[in-house]
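Chemist: Numbering (the numbering used here), first residue to last: 28 to 906. Before I ask anything, here is the structure I am working with.
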Amino acid sequence: MKKYLLLLLTTFYFFSCKTSKDAVPTVTIEERNLDTLTISAPREVAPEELTEASNTQAPIPQTLPDYNESYPLTNDLIHTKLDLKFDWAAEKVIGTATLTLKPYFYPTQVLQLDAKGFEISKIQLLQPKNKVLDYTYENDILNIQLDKQYTRSEKYQVQIDYIAQPAATGGSDAITSNQGLFFINPRGEQPNKPQQIWTQGETEWNSRWFPTIDKPNERTTQEVFVTIEDRFTTLSNGLLVDSKKNNDGTKTDHWKLDQPHAPYLFMLAIGEFARVEDKWNDIIVDYYVEPEYQEDARAIFSNTTEMLTFFSDKLGLSYPWPKYSQVVVRDYVSGAMENTTAVIFGDFVQRKKQDLIDDNNEKIIAHEMFHHWFGDLVTCESWANLTMNEGFANYSEYLWLEHKYGRDEADYHMFNEWGDYINSTLSNVHPLIHFGYNDKEDMFDRHSYNKGGAVLHMLRAQVGDDAFWAALNLYLTEHQYTAVEAHDLRLAFEEVTGQDLNWFFNQWYFDEGHPQLFITHSYDDGVLSLTVSQDQDPENMRAIFKLPVAVDIYESADKVTRFEIVVDQRKQTFEFEVPSKPKLVNFDAEKVLLAERQEDKTDEELLFQYRHAPNFLDRFEAVIKLMNSESKEAKTLIQEAINDPFWFIRGTAFQQIDMESSEIDAAAIRRLAANDPHSEVRALAYEYLLELQDQDAAKICIQTIEQDSSFVVVASALELLSQIDAAKALRFAKDLESEDNSPLIGAISGIYAQSENLDYLDYFKQKRNDVNGYAAFSFYDNYFYLASNGDQKLMLSVIDELEMIGTNMTQSPWRRIAAARAINNFRNFFNEKNEDDSAKAAEWQNLVKELGEKLKMMKEKEENSELKGLYDQLQLSNG
Numbered sequence: 028m029k030k031y032l033l034l035l036l037t038t039f040y041f042f043s044c045k046t047s048k049d050a051v052p053t054v055t056i057e058e059r060n061l062d063t064l065t066i067s068a069p070r071e072v073a074p075e076e077l078t079e080a081s082n083t084q085a086p087i088p089q090t091l092p093d094y095n096e097s098y099p100l101t102n103d104l105i106h107t108k109l110d111l112k113f114d115w116a117a118e119k120v121i122g123t124a125t126l127t128l129k130p131y132f133y134p135t136q137v138l139q140l141d142a143k144g145f146e147i148s149k150i151q152l153l154q155p156k157n158k159v160l161d162y163t164y165e166n167d168i169l170n171i172q173l174d175k176q177y178t179r180s181e182k183y184q185v186q187i188d189y190i191a192q193p194a195a196t197g198g199s200d201a202i203t204s205n206q207g208l209f210f211i212n213p214r215g216e217q218p219n220k221p222q223q224i225w226t227q228g229e230t231e232w233n234s235r236w237f238p239t240i241d242k243p244n245e246r247t248t249q250e251v252f253v254t255i256e257d258r259f260t261t262l263s264n265g266l267l268v269d270s271k272k273n274n275d276g277t278k279t280d281h282w283k284l285d286q287p288h289a290p291y292l293f294m295l296a297i298g299e300f301a302r303v304e305d306k307w308n309d310i311i312v313d314y315y316v317e318p319e320y321q322e323d324a325r326a327i328f329s330n331t332t333e334m335l336t337f338f339s340d341k342l343g344l345s346y347p348w349p350k351y352s353q354v355v356v357r358d359y360v361s362g363a364m365e366n367t368t369a370v371i372f373g374d375f376v377q378r379k380k381q382d383l384i385d386d387n388n389e390k391i392i393a394h395e396m397f398h399h400w401f402g403d404l405v406t407c408e409s410w411a412n413l414t415m416n417e418g419f420a421n422y423s424e425y426l427w428l429e430h431k432y433g434r435d436e437a438d439y440h441m442f443n444e445w446g447d448y449i450n451s452t453l454s455n456v457h458p459l460i461h462f463g464y465n466d467k468e469d470m471f472d473r474h475s476y477n478k479g480g481a482v483l484h485m486l487r488a489q490v491g492d493d494a495f496w497a498a499l500n501l502y503l504t505e506h507q508y509t510a511v512e513a514h515d516l517r518l519a520f521e522e523v524t525g526q527d528l529n530w531f532f533n534q535w536y537f538d539e540g541h542p543q544l545f546i547t548h549s550y551d552d553g554v555l556s557l558t559v560s561q562d563q564d565p566e567n568m569r570a571i572f573k574l575p576v577a578v579d580i581y582e583s584a585d586k587v588t589r590f591e592i593v594v595d596q597r598k599q600t601f602e603f604e605v606p607s608k609p610k611l612v613n614f615d616a617e618k619v620l621l622a623e624r625q626e627d628k629t630d631e632e633l634l635f636q637y638r639h640a641p642n643f644l645d646r647f648e649a650v651i652k653l654m655n656s657e658s659k660e661a662k663t664l665i666q667e668a669i670n671d672p673f674w675f676i677r678g679t680a681f682q683q684i685d686m687e688s689s690e691i692d693a694a695a696i697r698r699l700a701a702n703d704p705h706s707e708v709r710a711l712a713y714e715y716l717l718e719l720q721d722q723d724a725a726k727i728c729i730q731t732i733e734q735d736s737s738f739v740v741v742a743s744a745l746e747l748l749s750q751i752d753a754a755k756a757l758r759f760a761k762d763l764e765s766e767d768n769s770p771l772i773g774a775i776s777g778i779y780a781q782s783e784n785l786d787y788l789d790y791f792k793q794k795r796n797d798v799n800g801y802a803a804f805s806f807y808d809n810y811f812y813l814a815s816n817g818d819q820k821l822m823l824s825v826i827d828e829l830e831m832i833g834t835n836m837t838q839s840p841w842r843r844i845a846a847a848r849a850i851n852n853f854r855n856f857f858n859e860k861n862e863d864d865s866a867k868a869a870e871w872q873n874l875v876k877e878l879g880e881k882l883k884m885m886k887e888k889e890e891n892s893e894l895k896g897l898y899d900q901l902q903l904s905n906g
């Protein structure tokens, strides 16, 4: 499950707040010599520690801590057969479920199933004999009384006739609805929207449309018979066995998967999809998209087959399922879902080839694919162990980027992952394996995903690449088709490496938090002293982490020595014999630690680091820290970094150019706008040319609009051209009207608003449901601006449109909040009219009040808590 302008990253990695401390006595614990390395490990002892320990006593617990156990298996679900029809108008599932089971270990005479919101028609035993069975049904639990007590060597088969009407009772930030099965435009009332049915089973919501043991530690094979109108295409897990046409204009598709998997991974998608076929090693690979995107399907799911090869080769275990399908659906309630053999994606991935140049879908494709080993083949035995699914899927994004685009791109991605996790700890810290969660849905957070991936990255660094992949192969082959917990992973790594890794798993999986490091170093008479303090608050995080770390000491550009140290005290000083003062001391030289850190370096050290330390994070740290330096050398480095091999550092440095400086070389910026290999840097260069009001850029603007493959860059060039030659920009805008790229729509809307020609309002009406992302703000602002040139009746009709968008929860959140902001623009506009037009002051005053009430109502209707907060931040519901 996957839960996205060039912006500077949060710099937590290099800078963190460090509170001042009073002087404290230290007790030296140990001093020992290892060749040229001397380690002294003093522990700080605060004065209050010396007295408080004897005077205070922790409260005695009165109850056990919360513990969410793995589901106890009484019956083992062996095979599930579903026969399904649908009542679109009533949004009901009409089903027959035939389940084959046996007791898990202990004899039993009762079968308990999850069945949420069902009408049960009949339950009967089919095997070993035919018999109608008694049952009770209460609180979404179906208890069936079997005809006798069965032992673990006896199979039995029951058949349940039912009607399900899936309905949501809630949702979470990650999965916004727990409805389980969704009818999209079921009565065909929305003419421009497809009719679809699709499912979302995670966590335990597939039991809204078929009865099952809806737990992650259950396993079952499956077959699904789907009867539907012949015009629809169906998709389910496994292979399509056959499709039979019926006499009433329907067909029955028979899907079957012979390998067992968890019930939450069952899926169904029905719609008028275009299917694009591909193949990998004689395995079916296919892409299901809306017909309009048939030609773009391979670009939407780019590199799918190459990923299958890469992951199969690295794991030493070929993709283990009979097909790999990917389908795009409307109004999806999450990002994507790794249903076995058939991944569902939200329609945000469904874009034209040219739109995908700037923002492809490869990370989310890799994420869901890797789940087919980690999550589908081996599955977390409980939701407390969710990172055994999501941590791996999250790390697959790094692995793919490293393989395909190099380590700089992968490290940049990991840096963002660290930042998101660490920001989340400001409000919530818990163990990675979290048995004490309040609600299983809460497990879909930055711990299970981001921290889980970062911990695997450190584990890989700890054991080395060969051992990492060998251990993953052992883990998968030993535990395939079973439920797993973190200890299974630990034991696999220990078997491969021969190491005791309890310390690693205890601190990173079963304890909470991350280290906050303060690093200093000094040099005196041939000895370099490196001091590392762990300053994290023990009340919120683990007090002391064990951190194996590589330290690179640069005596010169050509002479670097690596020392492997272990930080395992609250404060430690490491001493190294070095013949002269080092040019650079590079702590965590491979940049793999999940940690906040503060380390002071001189400008001279940072300049050396940028030019000689090898990794993205080394160079990025230098650029970030030198931004505010007034030294001539630092300013020279910023200019140097504009030519960095990695695009993000080029962009970061580029944003530090002083636009007030008379030394700005507009021609150099034009060259970047025209020729930089990365589209975001080209677009950024155009933004700077726009700020410079560069009148000589018309030629490259036209060249870019006509030739550049990136719509983001074309949009930036179009905005600049509109300032240089409005008439020419207007002609290009008309030629590009049919494109649905959001940045381009935003740029065209600005040109049309600038023209003040009300004829262009039709363009806004056509594109109001297409624009998304940041571009939605400029688009709706421009809609307001153009409409404000019309009469009051026209403005009120536009406000009505904006209100419909802002209160429609199926609309993009970007569009909802942007529409609300545009209404607020109208309110401010009417308020100015009130002040300027005394004759109609009362009329304008009433409109201002009416729009204020409208915005308050929109805020109340808004279901997304973050958007509710934006109402306040943008002052959209005040006064």
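We treat Cβ as the ideally placed atom computed from N, Cα and C, and that holds for glycine. These figures come from a predicted structure and were not determined experimentally.
Look at the alpha carbon of Phe-401 and the alpha carbon of Ser-352, and state the distance between them as a whole number of angstroms.
Modeler: As a position in the sequence shown, residue 401 is number 374, starting the count at 1. As a position in the sequence shown, residue 352 is number 325, starting the count at 1. Going from the Cα of Phe-401 to the Cα of Ser-352 covers about 17 Å.
Chemist: Just tell me which of Asn-455, His-514 and Ala-846 has its CA closest to the CA of Asn-799.
Modeler: Your numbering for residue 799 matches position 772 in the sequence shown. Among Asn-455, His-514 and Ala-846, the Cα nearest to that of Asn-799 is on Ala-846.
Chemist: Considering only residues of the same chain and omitting the five flanking positions on each side of Glu-389, which have a CB-CB separation below 7 Å?
Modeler: The sequence position of residue 389 within the sequence shown is 362, counting from 1. Sequence-distant partners of Glu-389 (beyond 5 residues in either direction) whose C-beta falls short of 7 Å from its own C-beta, in its chain, are Ser-329, Asn-330 and Trp-427.
Chemist: Grab me the residues of Glu-887's own chain with a C-beta within less than 8 Å of its C-beta, minus the 5 sequence neighbours each way, in chain order.
Modeler: Position 860 of the sequence shown, counted from the first residue, corresponds to residue 887. The answer is none, since no qualifying residue turns up.
Chemist: Within this structure, are the beta carbons of Pro-238 and Leu-169 separated by less than 8 Å?
Modeler: Walking along the sequence shown from the start, residue 238 turns up at place 211. Walking along the sequence shown from the start, residue 169 turns up at place 142. It is a contact, given that the beta carbons lie within the stated cut-off.
Chemist: If you check the beta carbons only, do Leu-555 and Val-605 fall under 8 Å apart?
Modeler: Along the sequence shown, one-based indexing puts residue 555 at 528. Along the sequence shown, one-based indexing puts residue 605 at 578. Going by C-beta atoms, Leu-555 is nearer than 8 Å to Val-605.
Chemist: On the CB-based measure, 16 or more other CB atoms within 10 Å of its CB, does Asp-899 come out buried or exposed?
Modeler: Taking the sequence shown and counting its residues from 1, the one referred to as residue 899 is at position 872. With fewer than 16 other Cβ atoms within 10 Å, it is exposed.
Chemist: Tell me where the beta strand (DSSP E) around Ile-171 begins and ends.
Modeler: Working through the sequence shown from its first residue, we reach residue 171 at position 144. Run containing Ile-171: 168-177, per the beta strand (DSSP E) assignment.
Chemist: Anyone know if the C-beta pair for Phe-853 and Ile-832 falls short of 8 Å?
Modeler: On the sequence shown, residue 853 is found 826 positions in, with the first residue counted as 1. On the sequence shown, residue 832 is found 805 positions in, with the first residue counted as 1. Contact annotation: Phe-853 and Ile-832 have beta-carbon atoms that are not nearer than 8 Å.
Chemist: Less than 8 Å between the C-beta atoms of Phe-300 and Val-360, yes or no?
Modeler: Mapped onto the sequence shown, residue 300 falls at position 273. Mapped onto the sequence shown, residue 360 falls at position 333. Their beta carbons are not under 8 Å apart, which means Phe-300 does not touch Val-360 by this criterion.
Chemist: Secondary structure at Ile-729, three-state DSSP: helix, strand or coil?
Modeler: On the sequence shown, position 702 is the one that residue 729 refers to. The answer is helix: DSSP assigns Ile-729 an H, G or I state.
Chemist: I'd like the list of long-range same chain contacts for Val-185, defined as Cβ closer than 6 Å, with 5 residues on each side in sequence excluded.
Modeler: As a first step, residue 185 is located in the sequence shown; it is residue number 158 there, counting from the start. Counting only Cβ-Cβ distances below 6 Å, and skipping sequence neighbours, we find Leu-126 and Leu-152.
Chemist: When the Cα of Gln-223 is compared with those of Thr-230, Gly-215 and Glu-229, which residue comes out closest?
Modeler: Translated into the one-based positions of the sequence shown, residue 223 becomes position 196. The closest CA to that of Gln-223, considering only Thr-230, Gly-215 and Glu-229, is found on Gly-215.
Chemist: Can you tell me the Cα-Cα spacing of Ile-460 and Phe-419, whole angstroms?
Modeler: As a first step, residue 460 must be located in the sequence shown, where it is residue number 433. As a first step, residue 419 must be located in the sequence shown, where it is residue number 392. Those two C-alpha atoms are separated by around 14 Å.
Chemist: What residues in its chain sit with their C-beta under 7 Å from that of Phe-675, if we drop five residues either side in the sequence?
Modeler: Walking along the sequence shown from the start, residue 675 turns up at place 648. In the same chain as Phe-675, and ignoring 5 residues on each side of it, the C-beta atoms closer than 7 Å to its own belong to Tyr-439, in chain order.
Chemist: Does the beta-carbon distance from Thr-254 to Ile-297 come in below 8 Å?
Modeler: Reading the sequence shown from its first residue, position 227 is the one you call residue 254. Reading the sequence shown from its first residue, position 270 is the one you call residue 297. Their beta carbons are not under 8 Å apart, which means Thr-254 does not touch Ile-297 by this criterion.
Chemist: From which residue to which residue does the alpha helix (DSSP H) around Ala-695 run?
Modeler: Working through the sequence shown from its first residue, we reach residue 695 at position 668. First-last of the alpha helix (DSSP H) with Ala-695: 693-702.
Chemist: Need the endpoints of the alpha helix (DSSP H) that Arg-842 sits in, please.
Modeler: For the purposes of this step, residue 842 is taken as residue 815 along the sequence shown, with counting starting at 1. Segment 840-863, the alpha helix (DSSP H) holding Arg-842.
Chemist: Answer with yes or no whether the minimum CB distance from Arg-179 to chain D is below 8 Å.
Modeler: Here chain D cannot be found, since the structure has a single protein chain.
Chemist: Does DSSP put Asn-613 in a helix, in a strand, or in coil?
Modeler: Taking the sequence shown and counting its residues from 1, one reaches residue 613 at position 586. In the structure shown, Asn-613 sits in a strand (DSSP, three-state: E or B).
Chemist: Along the chain, where does the alpha helix (DSSP H) that runs through Gly-446 open and close?
Modeler: If you number the sequence shown from 1, residue 446 lands on position 419. Residues 434-451.
Chemist: Would Ile-696 and Ala-680 qualify as a contact pair, given that the criterion is a beta-carbon distance under 8 Å?
Modeler: Residue numbering aside, residue 696 sits at position 669 when the sequence shown is read from its first letter. Residue numbering aside, residue 680 sits at position 653 when the sequence shown is read from its first letter. Taking 8 Å as the Cβ cut-off, Ile-696 and Ala-680 do not qualify as a contacting pair.
Chemist: Grab me the residues of Tyr-550's own chain with a C-beta within less than 8 Å of its C-beta, minus the 5 sequence neighbours each way, in chain order.
Modeler: To locate residue 550, count along the sequence shown from 1; it is residue 523. The answer, listed in chain order, is Ser-556, Val-605, Lys-608 and Pro-609.
Chemist: If I measure Cβ to Cβ from Tyr-448 and keep anything under 6 Å in the same chain, skipping five residues before and after, which residues do I get?
Modeler: Within the sequence shown, residue 448 is the residue found at index 421, counting from 1. These residues qualify, in order along the chain: Arg-473, Asn-477 and Lys-478.
Chemist: For Phe-376 and Glu-566, I'd like the C-alpha separation in whole angstroms.
Modeler: In the sequence shown, counting from the first residue as 1, residue 376 sits at position 349. In the sequence shown, counting from the first residue as 1, residue 566 sits at position 539. The amino acid occupying residue 376 in the given sequence is Val; Phe does not appear at that position. Straight-line Cα distance between these residues: approximately 42 Å.
Chemist: Quick one: is Ala-50 buried, meaning 16 or more other Cβ sit within 10 Å of its Cβ, or exposed?
Modeler: Here residue 50 refers to the residue found at position 23 when the sequence shown is read from its first residue. Low per-residue confidence applies at Ala-50: pLDDT is 30, beneath 50, and the placement is therefore not dependable enough to give any value.
Chemist: Going by the CB atoms, is the gap between Arg-179 and Lys-242 shorter than 8 Å?
Modeler: Stepping through the sequence shown from its first residue, residue 242 is reached at position 215. Stepping through the sequence shown from its first residue, residue 179 is reached at position 152. No, the Cβ-Cβ distance between Lys-242 and Arg-179 is not below 8 Å.
Chemist: Going by other Cβ atoms of all chains shown within 10 Å of its Cβ, with 16 needed for buried, is Gln-543 buried or exposed?
Modeler: Taking the sequence shown and counting its residues from 1, one reaches residue 543 at position 516. Per the 10 Å Cβ criterion, buried.
Chemist: What would DSSP say about Glu-657, mapped onto helix, strand or coil?
Modeler: On the sequence shown, residue 657 is found 630 positions in, with the first residue counted as 1. DSSP places Glu-657 in coil when its eight states are reduced to three.
Chemist: Can you tell me whether Arg-589 is buried or exposed? The criterion is at least 16 other CB atoms within 10 Å of its CB, across all chains shown.
Modeler: The residue labelled residue 589 in the question sits at position 562 within the sequence shown. Exposed, because fewer than 16 other Cβ atoms sit within 10 Å of the Cβ of Arg-589.
Chemist: Quick one: residues in its chain with C-beta nearer than 7 Å to the C-beta of Val-619, no 5 flanking neighbours on either side, listed in chain order?
Modeler: By 1-based counting over the sequence shown, the position of residue 619 is 592. Closer than 7 Å at the Cβ level, and outside the excluded window around Val-619, lie His-484, Met-485 and Ala-488.
Chemist: Taking all protein chains shown into account, do 16 or more other C-beta atoms lie within 10 angstroms of the C-beta of Arg-624, making it buried, or fewer, making it exposed?
Modeler: Within the sequence shown, numbered from 1, the residue matching residue 624 stands at position 597. Burial call: buried.
Chemist: In terms of DSSP beta bridges, what is Trp-307 paired with?
Modeler: The residue you call residue 307 lines up with position 280 of the sequence shown. Answer is Ile-310, bridged to Trp-307.
Chemist: Which residues in the same chain have their Cβ closer than 6 Å to the Cβ of Thr-834, if we skip the five residues on either side of it in sequence?
Modeler: The sequence position of residue 834 within the sequence shown is 807, counting from 1. Answer for Thr-834: Met-885 and Lys-888, listed in chain order.
Chemist: Give me the Cα-Cα distance between Pro-69 and Thr-547, rounded to the nearest whole angstrom.
Modeler: Mapped onto the sequence shown, residue 69 falls at position 42. Mapped onto the sequence shown, residue 547 falls at position 520. Unreliable positioning characterises Pro-69 in this predicted model, as indicated by a pLDDT of 41, which lies under 50. A coordinate reading is not provided.
Chemist: Compute the distance between the beta-carbons of Leu-717 and Ala-693, then report whether it is under 8 Å.
Modeler: The sequence position of residue 717 within the sequence shown is 690, counting from 1. The sequence position of residue 693 within the sequence shown is 666, counting from 1. No, they are not a contact pair.
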